[in-house]
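Structure record follows, encoded as structure tokens.
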Amino acid sequence: MKDFRVDHLKKSYGAKSLLEDVSFIINEGEHVGLIGQNGTGKSTLLSILAGVDFAESGDITTSNDYRIGYLSQQPELDDEDTIFEALYKGDHPTLKVVHDYEEVVEQLRENPTSESLTKRYSVLEQKMNEIDGWQVEVQIKTILQKMGLTDIQKKVGTLSGGQKKRVGLAKVLMEEPDLLLLDEPTNHLDLEAIEWLEGYLANYKGAMMLVTHDRYFLERAVTHMFELVNGRIEAYEGNYESYLEQRSQREQIAARMSQKQKRLYQSELEWMRQGAKARTTK
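If you want the working numbering, it's the 1-based position in the sequence shown plus 1187.
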């Protein structure tokens, strides 16, 4: 089983401490919603887990072949790339075969009599058969269609911020990593795309951690909730509704304990006062 383990992460910016002692485990297939007040360090934590930022101390432990896909709020893409090139950048072996196959098909359309292209097509067709690349190709086309990315020959530099976010989202979904790290994935998506993404992530076989303000999205897509409070993680089983119920129970217990402690202090104080009076009358 592929697990993702985090122990005692600490991160601060100047005098401000964001992450004080963050520890947790994400097991294979678990879907985690990360919540917390604005400015508590949710995006910072995701970027550290993705290896984009670094903690001052602590450990992250995974297997050597563990793959992480990260969507930041503003994905870093090369403006000179086409959408097609941006989507297939990376070292994912299956996506490389699909990319090369799609590329040679396009080249053959322009030059159908080329013997070298025909031979390359045959080799890649065989590879597609070996890796079940046809199913991957269908899945990729579905993702692109749902993200509204129909003209994949457009330059990234011509896209709006929202379109770039959708390219970044499509890219990490295509890669199907062991752990998806998604920072506000529903931003710039229409209702139809959000509903499709909810269903896709709910059925995603890998692990996931996402940050979103869309509580209905959390309700459907996650199996666990992490709340970042005072630089630490408080973990809850279940979706967002289950989190609310458990949080309410914890607060009620804490309130009762607080009242009990308060009564104990009052009793102790009264005992001390009575003792003081008794001593003065001796």
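Virtual Cβ for every residue (Gly too), placed ideally from N, Cα, C. Small disclaimer: the values here were computed from a predicted structure and weren't measured.
- With contacts defined as CB atoms closer than 7 Å, residue 1413 and residue 1385 fail to qualify as a contacting pair.
- In the structure shown, the three-state DSSP call for residue 1210 is strand.
- Pairwise C-beta distances place the region 1408-1428 in contact with the region 1199-1217, as three or more of them are shorter than 8 Å.
- Distance from the Cα of residue 1246 is smallest, within the candidate group 1252, 1236 and 1253, for 1236.
- By alpha-carbon distance to residue 1335, the top candidate from 1324, 1356 and 1440 is 1356.
- A contact between stretches requires three or more CB pairs, one per stretch, nearer than 8 Å, and the region 1223-1237 meets this requirement with the region 1190-1198.
- Contact between the region 1246-1255 and the region 1220-1228 is absent: fewer than 3 CB-CB pairs across the two stretches fall below 8 Å.
- Taking all protein chains in view, the Cβ of residue 1443 is surrounded by fewer than 16 other Cβ atoms within 10 Å, so the residue is classified as exposed.
- Taking a C-beta distance under 7 Å as the contact criterion, residue 1402 and residue 1389 do not qualify as a contact pair.
- For residue 1246, the uninterrupted beta strand (DSSP E) segment begins and ends at 1244-1248.
- Counting other Cβ atoms within 10 Å of its Cβ, residue 1242 reaches 16 or more and is therefore classed as buried.
- If the five residues before and after residue 1400 are omitted, its C-beta is found closer than 8 Å to the C-beta atoms of 1371, all from its own chain and listed in chain order.
- Here the alpha carbon of residue 1258 sits roughly 33 Å from the alpha carbon of residue 1308.
- Taken atom to atom, the span from the alpha-carbon of residue 1375 to that of residue 1369 is near 14 Å.
- Burial of residue 1394 is indicated by the presence of at least 16 other C-beta atoms within 10 angstroms of its C-beta.
- Using a 10 angstroms sphere on the CB of residue 1300, the tally of other CB atoms stays under 16, which defines it as exposed.
- Under the three-state reduction of DSSP, residue 1235 is assigned to helix.
- When the beta-carbon positions are compared, residue 1270 and residue 1354 come within less than 7 Å of each other.
- Listed in chain order, the non-local C-beta contacts of residue 1330 below 7 Å within the same chain comprise 1357, 1360 and 1361, local neighbours out to five positions each way being set aside.
- Runs of the alpha helix (DSSP H) lying entirely within the region 1251-1280 and spanning at least 4 residues, in chain order: 1270-1275.
- Taking the CA atoms as reference points, residue 1318 sits about 49 Å from residue 1437.
- For residue 1337, the CB contacts under 8 Å within the same chain, skipping 5 residues up- and downstream, are 1331 in chain order.
- Taken atom to atom, the span from the alpha-carbon of residue 1289 to that of residue 1363 is near 19 Å.
- Going by beta carbons, residue 1287 and residue 1304 fall outside the 7 Å limit.
- Bounds of the beta strand (DSSP E) holding residue 1416 are 1411-1416.
- Exposed is the label assigned to residue 1378, since fewer than 16 other Cβ atoms lie within 10 Å of its Cβ.
- Around the beta carbon of residue 1325, fewer than 16 other beta carbons sit within 10 angstroms, so the residue counts as exposed.
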